[in-house]
Amino acid sequence: MRPQTSYVSLSPASLLFLSTNSHTQARSSIYTFIPRSPPPPMSFMHDETRQPQQHDSHVKMTSGSAKETALHARRARRNRLQINRHKSLSLNAEDGRLENLDPDSHSSDSFGFGEEGMSERRSDGLDFGHVSVMGRRRVMEDSMVVAPPVGLAGEFSFFAVYDGHGGADVAESCCQRLHICLDQYLEKAMKLPSEEGFEWEKVMAECFRSVEEEFADEDNAAEMGSTALVVLVGKEELVVANCGDSRAVLCRGGAAVPLSMDHKPDRPDEKQRIEAAGGNIVNWNGWRVQGVLATSRSLGDYSLKPYVISEPEVMITKRTESDDFLVIATDGLWDVLCNRVVCQVVKNSLGGRIEPRPHETGASAAAAALAELAISRGSGDNISIIVVKLK
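So for the sequence shown, UniProt numbering puts the first residue at 1; every next one is plus one.
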């Protein structure tokens, strides 16, 4: 008989077993990462109730007996490990406002998988699923967006993850604005005649810079920042613009193909660029720009300019019939799992070799399996994952 708990998951050992193609039955004990109480109402891609980040040593303790304090601490930790399924982000066609999609307002063909976790089908035919986990952090600084198609005729589906640091404000600003700004830049650029073809690098760089300038005058802008990973899925090509250490990986014919390169201070070309600008990288619990930031590119972080820049690296990949799916995620996943294992877990999940939770299916179940495995492997960061099926 299965344990009487609302949400259960396969054990880390089971997931690892499946990712390494072992041939024995995976019937080990289960771990419960989600409390018995019902999950909170689904919300927009970021949590508007976040509190300012505090250092662990400065956390305010609750009043009451030692027993009550310990109980509160255990409950808080369980909540931090809870997987939060989010509604998709949509644009109001009339005024461009951001909206949350209500699954109850759509037909069962589009949603209908229950509110705990859903795989969704866009109007452009792409199936995708997404999860976001606070993990062992005390605050949630990740944001992510699944927006309506962008471009002159809606040629490209838009997916993005933003990993904030120093606070969530910059990531939330990117979440609200970047896809709208890119849509405007694309419409303008696609109308211009060009003998050399469309310049993706120029369009993406201008878009990222424009969004960054919008929050330059905000409070604490000097100390806050966010990575940005944007993936555009077209009928013939995949366009990835990366600024920071989030990552996009394509599974093609069963093999993992990286679509972005992490911007780390110790990457040889990034190290050379930083030092040429007069900066330094210091090994302080990992390599950091000026001993502060563990990524060499981001939006914001004005106190670290010109060493930390917001210019994205753009990679364009032609689609093929052997393309299976995309995994787009913040570094909370990639810090503990390699590209190959991530693709294998998703492949196993989509193939039905990992039992999903109730109401989960397809890409949503695959994203949840990745998040749970990352937590079990000791990820100490927020984790946000989007899985996009390409066929």
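Backbone N, C-alpha and C fix where the C-beta goes; we use that ideal spot for every residue, glycine too.
Flag this pair as yes or no: are the beta carbons of residue i and residue j separated by less than 7 Å?
{"i": "methionine 204", "j": "valine 314", "result": "yes"}
{"i": "cysteine 175", "j": "serine 143", "result": "yes"}
{"i": "leucine 225", "j": "valine 139", "result": "According to the sequence provided, residue 225 is glycine. The question's leucine does not apply to it. No. Outside cutoff."}
{"i": "isoleucine 385", "j": "leucine 333", "result": "yes"}
{"i": "valine 145", "j": "aspartate 183", "result": "no"}
{"i": "glutamate 141", "j": "asparagine 382", "result": "yes"}
{"i": "leucine 152", "j": "glutamate 187", "result": "yes"}
{"i": "cysteine 251", "j": "cysteine 343", "result": "yes"}
{"i": "phenylalanine 158", "j": "proline 312", "result": "no"}
{"i": "glycine 253", "j": "serine 322", "result": "yes"}
{"i": "residue 479", "j": "alanine 367", "result": "Residue 479 falls outside the range modelled here, since the chain spans only 1 to 391, and no answer is possible."}
{"i": "valine 345", "j": "alanine 371", "result": "no"}
With DSSP collapsed to three states, give me the class of residue i.
{"i": "glycine 244", "result": "coil"}
{"i": "valine 336", "result": "coil"}
{"i": "methionine 315", "result": "strand"}
{"i": "tyrosine 185", "result": "helix"}
{"i": "residue 450", "result": "The structure shown has nothing for residue 450, since the chain only spans 1 to 391."}
{"i": "histidine 165", "result": "strand"}
{"i": "serine 379", "result": "coil"}
{"i": "asparagine 348", "result": "helix"}
{"i": "leucine 370", "result": "helix"}
{"i": "lysine 202", "result": "helix"}
{"i": "valine 308", "result": "coil"}
{"i": "aspartate 142", "result": "strand"}
{"i": "arginine 288", "result": "strand"}
{"i": "leucine 390", "result": "coil"}
{"i": "alanine 147", "result": "strand"}
{"i": "alanine 294", "result": "coil"}
{"i": "isoleucine 385", "result": "strand"}
{"i": "leucine 192", "result": "coil"}
{"i": "alanine 221", "result": "coil"}
{"i": "glycine 362", "result": "helix"}
{"i": "isoleucine 34", "result": "Note that isoleucine 34 has pLDDT 31, beneath the 50 cutoff, so the model's placement of it is unreliable and the number below is only indicative. Coil at isoleucine 34, not helix or strand."}
{"i": "histidine 179", "result": "helix"}
{"i": "phenylalanine 215", "result": "coil"}
{"i": "glutamate 355", "result": "coil"}
Using a Cβ-Cβ cutoff of less than 7 Å, which residues in the same chain neighbour residue i once the five nearest sequence positions on both sides are dropped?
{"i": "valine 289", "result": "Pro265, Ile274, Gly279, Ile281, Ser296, Leu304, Tyr307, Val308"}
{"i": "asparagine 339", "result": "Val249, Ala256, Pro258"}
{"i": "tryptophan 200", "result": "Val239, Val314, Ile316"}
{"i": "arginine 271", "result": "The question names arginine, but residue 271 in the sequence shown is lysine. Hits under 7 Å: Pro265, Ile281."}
{"i": "tryptophan 284", "result": "Gly291"}
{"i": "glutamate 218", "result": "Asp169"}
Please name the residue in the options whose C-alpha comes closest to that of residue i.
{"i": "valine 336", "options": "Glu355, Cys243, Gly362, Ile375", "result": "Ile375"}
{"i": "arginine 177", "options": "Leu152, Cys343, Glu214, Gly125", "result": "Glu214"}
{"i": "aspartate 245", "options": "Val230, Ser210, Gly125", "result": "Val230"}
{"i": "glutamate 212", "options": "Tyr162, Gly254, Gly234, Met261", "result": "Tyr162"}
{"i": "threonine 330", "options": "Ala189, His179, Met261, Leu192", "result": "Met261"}
{"i": "leucine 373", "options": "Asp127, Gly154, Gly351, Val341", "result": "Val341"}
{"i": "lysine 235", "options": "Phe156, His179, Asp127, Ala241", "result": "Phe156"}
{"i": "methionine 277", "options": "Asp269, Lys202, Trp284", "result": "A small correction: the amino acid at residue 277 is alanine; methionine does not occupy that position in the sequence shown. Among Asp269, Lys202, Trp284, the Cα nearest to that of alanine 277 is on Asp269."}
{"i": "proline 148", "options": "Gly164, Gly135, Met134, His179", "result": "His179"}
{"i": "aspartate 160", "options": "Cys243, His263, Gly286", "result": "With the sequence shown as reference, residue 160 is identified as alanine, and aspartate is not the correct amino acid for it. The residue with the shortest Cα to Cα distance from alanine 160 is Cys243."}
{"i": "glycine 351", "options": "Ile328, Leu293, Asp324", "result": "Asp324"}
{"i": "arginine 247", "options": "Lys202, Ile328, Pro193", "result": "Ile328"}
Who are the near neighbours of residue i in its chain, counting only those whose CB is closer than 6 Å to its CB and skipping five residues on each side?
{"i": "lysine 60", "result": "Reliability fails at lysine 60, whose pLDDT of 31 lies under 50, so the model's placement of it is uncertain and no value is given."}
{"i": "serine 173", "result": "Phe215"}
{"i": "alanine 365", "result": "Ser349, Pro356"}
{"i": "tyrosine 302", "result": "Ala221, Ala222"}
{"i": "serine 210", "result": "Cys181"}
{"i": "aspartate 104", "result": "Confidence at aspartate 104 is low in this model, with a pLDDT of 29, below 50, so the placement of that residue should be treated as unreliable; the coordinate-derived value is given next. None."}
{"i": "alanine 294", "result": "Gly286, Arg288"}
{"i": "alanine 241", "result": "Met204, Val230, Pro312, Val314"}
Assuming residue i contacts residue j under a Cβ cut-off of 8 Å, what Cβ separation, rounded to an integer in Å, is found between them?
{"i": "leucine 326", "j": "leucine 390", "result": "7 Å"}
{"i": "alanine 363", "j": "leucine 299", "result": "That pair is no contact at about 27 Å."}
{"i": "glutamate 237", "j": "arginine 357", "result": "The Cβ separation is near 34 Å, so there is no contact."}
Between residue i and the rest of its own chain, which residues show a CB-CB distance below 8 Å, the 5 nearest in sequence each way excluded?
{"i": "arginine 137", "result": "Arg80, Gly380, Asp381, Asn382"}
{"i": "asparagine 220", "result": "Gly166, Gly167, Asp169"}
{"i": "methionine 190", "result": "Gly151, Leu152, Phe198"}
Counting only beta-carbon separations shorter than 7 Å, does residue i have a partner in chain C?
{"i": "arginine 288", "result": "Of the chains in the structure shown, none is chain C; there is only one protein chain."}
Using 6 Å as the cut-off, classify the Cβ of residue i as near or not near the heavy atoms of the ligand SAM, replying yes or no.
{"i": "alanine 369", "result": "What this structure holds is no ligand at all, so the ligand SAM is not there to describe."}
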